[in-house]
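Colleague:
Protein chains: 2
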Amino acid sequence: MMLDKSCKEFIKELSSKEPVPGGGGACAYLGALGTALGAMVGNLTLGKKKYKEFEKDIERLLISAEGIIYDFERLVNKDAEVFFPLSEAYRLPKNTDEEEKIKEESLQKALVDATIVPLEIARLCLKAVDVHEEFAKKGTKMAISDVGVGVIFCKAAFQGAKLNVLINTKLMKNEKLKNLVEKELSIIEKEIIEKADRLYSDIEKELSGR
Amino acid sequence: MMLDKSCKEFIKELSSKEPVPGGGGACAYLGALGTALGAMVGNLTLGKKKYKEFEKDIERLLISAEGIIYDFERLVNKDAEVFFPLSEAYRLPKNTDEEEKIKEESLQKALVDATIVPLEIARLCLKAVDVHEEFAKKGTKMAISDVGVGVIFCKAAFQGAKLNVLINTKLMKNEKLKNLVEKELSIIEKEIIEKADRLYSDIEKELSGR
Numbered sequence: 667m668m669l670d671k672s673c674k675e676f677i678k679e680l681s682s683k684e685p686v687p688g689g690g691g692a693c694a695y696l697g698a699l700g701t702a703l704g705a706m707v708g709n710l711t712l713g714k715k716k717y718k719e720f721e722k723d724i725e726r727l728l729i730s731a732e733g734i735i736y737d738f739e740r741l742v743n744k745d746a747e748v749f750f751p752l753s754e755a756y757r758l759p760k761n762t763d764e765e766e767k768i769k770e771e772s773l774q775k776a777l778v779d780a781t782i783v784p785l786e787i788a789r790l791c792l793k794a795v796d797v798h799e800e801f802a803k804k805g806t807k808m809a810i811s812d813v814g815v816g817v818i819f820c821k822a823a824f825q826g827a828k829l830n831v832l833i834n835t836k837l838m839k840n841e842k843l844k845n846l847v848e849k850e851l852s853i854i855e856k857e858i859i860e861k862a863d864r865l866y867s868d869i870e871k872e873l874s875g876r
Numbered sequence: 667m668m669l670d671k672s673c674k675e676f677i678k679e680l681s682s683k684e685p686v687p688g689g690g691g692a693c694a695y696l697g698a699l700g701t702a703l704g705a706m707v708g709n710l711t712l713g714k715k716k717y718k719e720f721e722k723d724i725e726r727l728l729i730s731a732e733g734i735i736y737d738f739e740r741l742v743n744k745d746a747e748v749f750f751p752l753s754e755a756y757r758l759p760k761n762t763d764e765e766e767k768i769k770e771e772s773l774q775k776a777l778v779d780a781t782i783v784p785l786e787i788a789r790l791c792l793k794a795v796d797v798h799e800e801f802a803k804k805g806t807k808m809a810i811s812d813v814g815v816g817v818i819f820c821k822a823a824f825q826g827a828k829l830n831v832l833i834n835t836k837l838m839k840n841e842k843l844k845n846l847v848e849k850e851l852s853i854i855e856k857e858i859i860e861k862a863d864r865l866y867s868d869i870e871k872e873l874s875g876r
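For the protein sequence lines, the chains are S and Z, in the order given. Take 667 as the starting number for the first sequence in my numbering and just add one per residue. Take 667 as the starting number for the second sequence in my numbering and just add one per residue.
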């Protein structure tokens, strides 16, 4: 599995010209790192007298965060799985009409899966930001910067996932699916950017005392 | 070393209440991941006939990227090193005037190092975005989404590092240093946000055909 590698190895393989891990998998991984930062704040809050009234909420949020991290980790592997057939399809010859037809069919088939995975990553980023929103309200103020870092990671993971959707829908012949996917993406985008930017800027103001 | 852990382990330890890895180290790691994506595009470009005129530039950029990744990796460890004394200082008792004085002195000393490291991360993020700017111009268009993902990762790494600076300068008594650091940070911010947003939006437009 991709995330069994060491962090250093992951960086090295990401920088290589090997097809995986690629940008999509890196985004799913970033979502997991961001959500882990939110969970850290939850774990630092548990058992603190000052935040006793939120204890049950924090426990619930930690369970959500754990589920989201698990899903992001799964998507790192899934992104690698769907990218292989796509890179194979790209490499098919197209010297004859027959070859061109086969290449186009393989490509279109592979593009669908390769589009759906980053879309799933994008959806999950929004769930992750929602969890951070609650950690910002109920988590220990001692670690408020970590909530802000977590939020900005999840926003970046979304923005990266978006480009990975677009590079695939760009070539997609199924206009109906293409439009559906791009429509959903823009709905998620509006919500996540608004929430993440507000959260980040609130935390920034709190820290800079402005 | 922090990055010898597996990716999964890193996520798990990040989410725990243990002091390290923390938000600062996660930002340095994200900078390395972002720069690795730029380097991937460079590596995919090398040897391509279509980009022959940029071969020498790409080779130079890859060497820069490798240096930046190395520095980010070093900063992951450095962030952990400077955070330990800070978390120790936070935990010192302050029941007597003498204890309070010792605590305040330890805290102020630890805050300086804990501020400088995320500032170094912030500076390095700008260098990384500059490298991406050139990869976007000279790298293979086949992987242009990965340049966009790399840029947005480096921007997020900067924004996270910024919060890690602010949470420390907030408590800093040395006003001169505090002002210097915050001034430099805002200069870097202006440049990196402008560059990263322009690059990301150009790539987004290119991919969505608008």
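We treat Cβ as the ideally placed atom computed from N, Cα and C, and that holds for glycine.
Counting Cβ pairs closer than 8 Å, one from the segment 816-832 of chain Z and one from the segment 667-684 of chain Z, do we hit at least three?
Modeller: no
Colleague: Straight-line CA distance for Z:E765 to S:L873?
Modeller: As a first step, residue 765 of chain Z must be located in the second sequence, where it is residue number 99. As a first step, residue 873 of chain S must be located in the first sequence, where it is residue number 207. In this structure, the alpha-carbon of Z:E765 lies about 26 Å from that of S:L873.
Colleague: Since S:D723 is in the alpha helix (DSSP H), which residue starts that stretch and which ends it?
Modeller: Working through the first sequence from its first residue, we reach residue 723 of chain S at position 57. Taken as a continuous stretch (DSSP letters only), the alpha helix (DSSP H) holding S:D723 covers 721-757.
Colleague: Could you give the residue range of the alpha helix (DSSP H) that holds Z:L865?
Modeller: Translated into the one-based positions of the second sequence, residue 865 of chain Z becomes position 199. Per DSSP, Z:L865 belongs to the alpha helix (DSSP H) from 841-874.
Colleague: At 3 residues or longer, and completely inside the segment 757-836 of chain Z: list those beta strand (DSSP E) runs for me, N to C.
Modeller: none
Colleague: Between which two residues does the alpha helix (DSSP H) holding Z:K681 run?
Modeller: The residue you call residue 681 of chain Z lines up with position 15 of the second sequence. The residue asked about is misnamed: residue 681 of chain Z is Ser in this sequence, not Lys. 673-681 is the span of the alpha helix (DSSP H), which, as asked, contains Z:S681.
Colleague: Closer than 6 Å by C-beta to S:Y866: which residues in its own chain qualify, once you throw out the five before and the five after it? Chain order, please.
Modeller: Position 200 of the first sequence, counted from the start, is the residue given in the question as residue 866 of chain S. In its chain, beyond the 5 residues on either side, G814, V817, I818 have a beta carbon closer than 6 Å to the beta carbon of S:Y866.
Colleague: Does DSSP classify Z:M838 as helix, strand or coil?
Modeller: Here the question's residue 838 of chain Z lines up with position 172 in the second sequence. In the structure shown, Z:M838 falls within a coil segment according to DSSP collapsed to helix, strand and coil.
Colleague: How many whole angstroms separate the CB atoms of Z:M808 and Z:L710, which I take to be in contact at a CB cut-off of 8 Å?
Modeller: Residue mapping note: residue 808 of chain Z aligns to position 142 of the second sequence, counting from 1. Residue mapping note: residue 710 of chain Z aligns to position 44 of the second sequence, counting from 1. Between Z:M808 and Z:L710 the beta-carbon gap is near 7 Å, inside 8 Å, which marks them as a contact.
Colleague: For Z:G689, does the count of other Cβ atoms within 10 angstroms reach 16, so buried, or fall short, so exposed?
Modeller: Here the question's residue 689 of chain Z lines up with position 23 in the second sequence. Z:G689 sits buried, since 16 or more C-beta atoms from the chains shown fall within 10 Å of its C-beta.
Colleague: Does the segment 788-803 of chain Z come close enough to the segment 702-718 of chain Z that 3 or more CB-CB pairs lie under 8 Å?
Modeller: yes
Colleague: By Cβ distance, which residues of its chain are closer than 7 Å to S:E799, with the 5 residues on each side in sequence left out?
Modeller: For the purposes of this step, residue 799 of chain S is identified with residue 133 of the first sequence, where counting begins at 1. Cβ within range, chain order: K861, L865.
Colleague: Quick test of your reading: S:L669 and S:E739, contact by CB under 8 Å. State the CB separation rounded to the nearest angstrom.
Modeller: What you label residue 669 of chain S is simply residue 3 of the first sequence in a count that begins at 1. What you label residue 739 of chain S is simply residue 73 of the first sequence in a count that begins at 1. About 6 Å separates the beta carbon of S:L669 from that of S:E739, a gap short enough to meet the 8 Å contact definition.
Colleague: Along the segment 690-709 of chain Z, where does the CB come closer than 7 Å to a CB of chain S? Name the residues.
Modeller: For the segment 690-709 of chain Z, which is checked against every Cβ of chain S, the residues closer than 7 Å are A692, C693, Y695, L696, A698, L699, A702, L703, A705, M706, N709.
Colleague: May I ask you to report which of helix, strand or coil DSSP gives S:V707?
Modeller: Taking the first residue of the first sequence as 1, we reach residue 707 of chain S at position 41. If DSSP states are grouped into helix, strand and coil, S:V707 belongs with the helices.
Colleague: Please confirm whether S:Y736 and Z:C673 have their CB atoms less than 8 Å apart.
Modeller: Translated into positions along the first sequence, residue 736 of chain S becomes position 70. Translated into positions along the second sequence, residue 673 of chain Z becomes position 7. Contact: no.
Colleague: At a CB-CB cut-off below 7 Å, which residues of chain S make contact with Z:C948?
Modeller: Outside the modelled stretch of chain Z, which goes from 667 to 876, sits residue 948 of chain Z, for which no answer is possible.
Colleague: Would S:Q825 count as contacting chain Z if we go by Cβ distances under 8 Å?
Modeller: As a first step, residue 825 of chain S is located in the first sequence; it is residue number 159 there, counting from the start. Yes, contact with chain Z.
Colleague: Checking 8 Å against the spacing of the C-beta atoms, do Z:K744 and Z:A755 come in under that value?
Modeller: Residue mapping note: residue 744 of chain Z aligns to position 78 of the second sequence, counting from 1. Residue mapping note: residue 755 of chain Z aligns to position 89 of the second sequence, counting from 1. No, these two residues do not count as a Cβ contact at 8 Å.
Colleague: Z:K716: which of Z:G805, Z:L699, Z:S730 sits nearest, CA to CA?
Modeller: Within the second sequence, residue 716 of chain Z is the residue found at index 50, counting from 1. By alpha-carbon distance to Z:K716, the top candidate from Z:G805, Z:L699, Z:S730 is Z:G805.
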